[in-house]
DNA sequence: AATATTTACGCAAACGTTTACGAAATTCGC
DNA sequence: GCGAATTTCGTAAACGTTTGCGTAAATATT
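Here's what the structure looks like:
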């Protein structure tokens, strides 16, 4: 059975194609009677306008793209959840692209999206991205663009992030107040703003409490095995009494190493990390975390993107939005280990 | 700056639009010299063909859709990962739609996709889906379609699943061999095939070991609070010594209740559940799981979908693929609790 | 050398929609 | 009841691509 289109409706109703089109879009130029006839038949035949024809003619795709390093991670999947919610309510479709932290893939994807496939896109850049030139080049195309979480500060593009510096400061301060004297920071490799900001918060906190000489930064990456090796070396050589993981994965790696080596958390080393995994409340011991407002970031990023797409004016305050993270204290950073676990 | 299109290239090169189009597609009707000229200019101006015009003309969108209940869950995000990998390699784009277990949303989405926006789609149906009539209606459109994980057996559509019955049998058998006499099964509400199959495995195992009279099924759903209430009542009233959770979420809920009530796992009750969360190895105690081959399911589903799209013949064996799950035993089901945790 | 074949390109019609413009038919102002 | 405004609809040209067909020129065939 062939697809039903405007031509078929028009012939059946003895009307011109344009009349049918207008009737379906509730144009004032069409009488109510005709509208009713058209809509009745359209409903009966379950007519859906061809999106490509429409997009071609109107130069609008009603589609946005989300480009992120991975999806197998609660932070990014929550972001996606927020984006999808907003988009679906607005009648937009969402394309998803995963870079797996590969800037070549990122560049290829951006190239693919240059010619009208999407009305706009949001991106969280890969940590292997050193040069932003292809992003710059992309910006010249006037394509609506929003950064989230992992942003590129040097570009004049709206950014939706969390208050990384403050959150990192608070997390470090929490460790200090819990009695830690030698705090290590597990940083993400690369020089993304998110990394430098979190490190800044760590260093500022050390400075405030006169611990500057105990600065201890270890770079980690996407390779679990390598991370565990580095963390093991860290624990062996520097015997820190506190570890602050910039990324959920690194906190997990720390737990794995401690379990294997029989190092007691929190007695020997306290651990805190950025994480959006609710189940950390069930860890042994429950992991203290900085929880990012991932869903809200997704919603906000989508909202801002749609404002740009709809050519609404963006207030300056809307161009750089930082939604605060939440510090959730659990047994991994408290001296007296609670026996009953809190529910996330 | 306007978008560059075939017309602009043609004018610049003093060629016809059709020649440019053919040159870019490496048609044999075009001389090598002309091809080189065209491609050089196209590269220089960074020409990307307008996808809507192309899709309209060729009646091909190079896009597939993935419809799933949620993304904030390691199983589904791993599936998505697999799908995206395959699609990206094939030069296809991936639209994502989340139903949040709402069959109305599911039905709406299917309606939206009727008219050419995608070349095919894969779906894991929501558990609120009781009638499959809109799925049936969809099938009549000849749209390439693949089910994954949560399938609809009554329809003649390729299904990529895991061996739910066998896996559930093995999990239950494992509990029995670990000494459990009274095993409760936390089932997902609704009557999806996945639910009935997992329950069958549970019941078959009970039967094999003569425990049929101890059958104990509790229905759970997406509401954590309600689940915890039901699980608490189960523990209070029936004092099972083993719990088998059909869904990751229910296992988590079980841990939460046990923690709050001070019920010891595995001493008082052993717990096992379907789960794709690697971090369960860090739980207190580490959770035994049935791990589904989520990434492979995504890859396989995409591969089958593309075969249908490309009108390749599907072997019968490819129409119902069940990739085996993996049973991972940890301390939550072993009598002697290991002090060092295994790494996932 | 005349015909047949191949090579290399242009013309123009699609694909299904939207929309500027024009033209009947109706209503209104007076 | 005549011109003007309004309502209601049709004609046709876009949007950018693909592709069947035609046609010159070049080459091959006899």
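Residue numbers (my numbering), protein chains in the order written: chain H, 1 to 344; chain P, 345 to 688. Just so it is clear, CB atoms sit at the ideal spot from N, CA and C, and this is done for glycine as well. As the structure is a prediction and not an experimental result, all values here were calculated from the model.
Q: Sort P:453, P:357, P:488 by Cα distance to residue 378 of chain P and report the nearest one.
A: Within the second chain, the letter at position 34 stands for residue 378 of chain P. Comparing Cα-Cα distances from residue 378 of chain P to each of P:453, P:357, P:488, the minimum goes to P:357.
Q) Once you ignore the five residues that flank residue 621 of chain P on each side, which residues in its own chain have a CB closer than 7 angstroms to its CB? A) One-based indexing of the second chain puts residue 621 of chain P at position 277. Result list for residue 621 of chain P: 418, 592, in chain order.
**Q.** Residue interval of the beta strand (DSSP E) (run including residue 564 of chain P)
**A.** Along the second chain, one-based indexing puts residue 564 of chain P at 220. Its beta strand (DSSP E) spans residues 561–564.
Q.
Using the three-state DSSP reduction, which class does residue 162 of chain H fall into: helix, strand or coil?
A. Indexing the first chain from 1 puts residue 162 of chain H at position 162. Reduced to three states, the DSSP call for residue 162 of chain H is strand.
Q: Between the Cα of residue 49 of chain H and those of P:526, P:461, P:533, spot the shortest distance and give me the residue it belongs to.
A: Start at 1 with the first residue of the first chain, and residue 49 of chain H comes out as number 49. Nearest option by C-alpha distance: P:461.
Q.
Between which residues of its own chain and residue 163 of chain H is the CB-CB distance below 8 angstroms, once the five residues before and five after are set aside?
A. Taking the first residue of the first chain as position 1, residue 163 of chain H is located at position 163. Around residue 163 of chain H, the same chain offers 322, 323, 324, 325 as residues with beta carbons nearer than 8 angstroms, after the five sequence neighbours per side are excluded.
(Q) Among P:582, P:504, P:423, P:443, whose alpha-carbon lies nearest the alpha-carbon of residue 85 of chain H? (A) Reading the first chain from its first residue, position 85 is the one you call residue 85 of chain H. The residue among P:582, P:504, P:423, P:443 with its C-alpha nearest the C-alpha of residue 85 of chain H is P:443.
Q: Grab the span of the beta strand (DSSP E) containing residue 375 of chain P for me, first residue to last.
A: By one-based count along the second chain, residue 375 of chain P stands at place 31. Here residue 375 of chain P belongs to no beta strand (DSSP E), and DSSP marks it neither H nor E.
Q) Contact check, residue 186 of chain H vs residue 250 of chain H under 8 angstroms by CB: the rounded distance? A) What you label residue 186 of chain H is simply residue 186 of the first chain in a count that begins at 1. What you label residue 250 of chain H is simply residue 250 of the first chain in a count that begins at 1. Their Cβ separation, rounded to whole angstroms, is 4 angstroms, which keeps residue 186 of chain H and residue 250 of chain H in contact under 8 angstroms.
Q | Pick from P:610, P:407, P:452 that is closest to residue 438 of chain P, judged by C-alpha positions | A | Position 94 of the second chain holds residue 438 of chain P. Minimum Cα distance to residue 438 of chain P is reached at P:407.
Q) So which residues on chain H does residue 654 of chain P lean against when the C-beta distance must stay under 8 angstroms? A) By one-based count along the second chain, residue 654 of chain P stands at place 310. Residues of chain H with a Cβ closer than 8 angstroms to the Cβ of residue 654 of chain P do not exist, since the nearest Cβ in that chain sits about 20 angstroms away.
Q: Report all residues from its chain with a CB closer than 6 angstroms to the CB of residue 565 of chain P; omit the five preceding and five following residues, and keep chain order.
A: In the second chain, counting from the first residue as 1, residue 565 of chain P sits at position 221. Taken in chain order, the residues that qualify are 533.
(Q) Please give me, in chain order, every unbroken run of the beta strand (DSSP E) with length at least 3 that falls completely inside the stretch 228–304 of chain H. (A) Those beta strand (DSSP E) runs which fall completely within the stretch 228–304 of chain H and span 3+ residues are 242–245, 270–274, 288–291.
**Q.** Cβ pair count under 8 angstroms reaching 3, the stretch 40–56 of chain H against the stretch 381–400 of chain P
**A.** Verdict: yes, contact present.
Q) What residue does the beta strand (DSSP E) around residue 437 of chain P start on, and which one ends it? A) Within the second chain, the letter at position 93 stands for residue 437 of chain P. Here the beta strand (DSSP E) through residue 437 of chain P covers 437–442.
Q) Roughly how many angstroms lie between the CA atoms of residue 327 of chain H and residue 539 of chain P, to the nearest whole one? A) On the first chain, residue 327 of chain H is found 327 positions in, with the first residue counted as 1. On the second chain, residue 539 of chain P is found 195 positions in, with the first residue counted as 1. Answer to the nearest angstrom: the Cα atoms are 38 angstroms apart.
Q. Among all the DSSP beta bridges, which residues are the ones paired with residue 410 of chain P?
A. Numbered from its first residue, the second chain carries residue 410 of chain P at position 66. According to DSSP, residue 410 of chain P bridges with P:440, P:466.
Q.
If the criterion is Cβ atoms closer than 8 angstroms, does the pair residue 520 of chain P and residue 558 of chain P meet it?
A. Taking the first residue of the second chain as position 1, residue 520 of chain P is located at position 176. Taking the first residue of the second chain as position 1, residue 558 of chain P is located at position 214. Contact: no.
**Q.** Minimum Cβ-Cβ distance from residue 7 of chain H to chain P less than 8 angstroms
**A.** Your numbering for residue 7 of chain H matches position 7 in the first chain. At a cut-off of 8 angstroms between C-beta atoms, residue 7 of chain H does not count as an interface residue with respect to chain P.
Q. Closer than 8 angstroms, CB to CB, is residue 84 of chain H near chain P or not?
A. Your numbering for residue 84 of chain H matches position 84 in the first chain. For residue 84 of chain H, the answer is yes, since a Cβ of chain P falls inside 8 angstroms of its Cβ.
Q. Going by DSSP, what residues sit across from residue 427 of chain P in a beta bridge?
A. Along the second chain, one-based indexing puts residue 427 of chain P at 83. Answer is none; residue 427 of chain P lacks a bridge partner.
Q.
Against chain P, does residue 115 of chain H count as a neighbour if the rule is that its beta carbon must be under 8 angstroms from one of theirs?
A. Locating residue 115 of chain H in the first chain gives position 115, where the first residue counts as 1. Interface residue, yes.
Q.
If distances are taken between C-alpha atoms only, which option among P:662, P:639, P:596, P:364 comes closest to residue 384 of chain P?
A. On the second chain, residue 384 of chain P is found 40 positions in, with the first residue counted as 1. Distance from the Cα of residue 384 of chain P is smallest, within the candidate group P:662, P:639, P:596, P:364, for P:364.
Q) Helix or strand or just coil, what does DSSP make of residue 18 of chain H? A) Working through the first chain from its first residue, we reach residue 18 of chain H at position 18. Here residue 18 of chain H sits in helix by DSSP.
Q) Which runs of the alpha helix (DSSP H) fall wholly inside the stretch 167–213 of chain H and span at least 4 residues, in chain order? A) Positions of the alpha helix (DSSP H) runs, each at least 4 residues long and wholly inside the stretch 167–213 of chain H, are given as 193–208 in order along the chain.
Q. Does the stretch 149–156 of chain H come close enough to the stretch 126–138 of chain H to have 3 or more Cβ pairs within less than 8 angstroms?
A. The stretch 149–156 of chain H vs the stretch 126–138 of chain H: in contact.
Q) Are the C-beta of residue 230 of chain H and some C-beta of chain P separated by less than 8 angstroms? A) The count along the first chain starts at 1 and reaches residue 230 of chain H at position 230. Residue-level contact by beta carbon fails for residue 230 of chain H and chain P, as no gap is shorter than 8 angstroms.
(Q) Relative to the C-alpha of residue 607 of chain P, which candidate in P:660, P:588, P:373, P:583 has its C-alpha closest? (A) Along the second chain, one-based indexing puts residue 607 of chain P at 263. Residue nearest to residue 607 of chain P within the set P:660, P:588, P:373, P:583 is P:583 (criterion: CA-CA distance).
Q | residue 326 of chain H: first and last residue of the uninterrupted beta strand (DSSP E) it sits in | A | The residue you call residue 326 of chain H lines up with position 326 of the first chain. Boundaries of the beta strand (DSSP E) harbouring residue 326 of chain H: 326–328, taken from the DSSP string.
Q: Would you check if the stretch 156–173 of chain H and the stretch 299–307 of chain H touch, i.e. whether three or more CB-CB distances between them fall below 8 angstroms?
A: The stretch 299–307 of chain H, when compared against the stretch 156–173 of chain H, does touch it at the 8 angstroms Cβ threshold.
Q) Does the beta carbon of residue 80 of chain H come closer than 8 angstroms to any beta carbon on chain P? A) For the purposes of this step, residue 80 of chain H is identified with residue 80 of the first chain, where counting begins at 1. It does; some Cβ of chain P falls within 8 angstroms.
Q: Leaving aside the five residues before and after residue 360 of chain P along the sequence, list all residues of the same chain whose C-beta is less than 8 angstroms from its C-beta, in chain order.
A: On the second chain, residue 360 of chain P is found 16 positions in, with the first residue counted as 1. Short of 8 angstroms from the beta carbon of residue 360 of chain P, and not among the five residues preceding or following it, lie these beta carbons of its own chain, in chain order: 354.
Q: Report the residue from H:244, H:274, H:275 whose alpha carbon sits nearest the alpha carbon of residue 265 of chain H.
A: Translated into positions along the first chain, residue 265 of chain H becomes position 265. If we check each option's Cα against that of residue 265 of chain H, H:244 comes out closest.
**Q.** For residue 146 of chain H, three-class secondary structure by DSSP
**A.** As a first step, residue 146 of chain H must be located in the first chain, where it is residue number 146. Three-state result, residue 146 of chain H: strand.
Q: Report the three-state DSSP secondary structure of residue 309 of chain H (helix, strand or coil).
A: Numbered from its first residue, the first chain carries residue 309 of chain H at position 309. Residue state, collapsed to three classes: helix.
Q: Indicate whether residue 309 of chain H and residue 69 of chain H have their beta-carbon atoms separated by less than 8 angstroms.
A: For the purposes of this step, residue 309 of chain H is taken as the residue at position 309 of the first chain. For the purposes of this step, residue 69 of chain H is taken as the residue at position 69 of the first chain. Contact: no.
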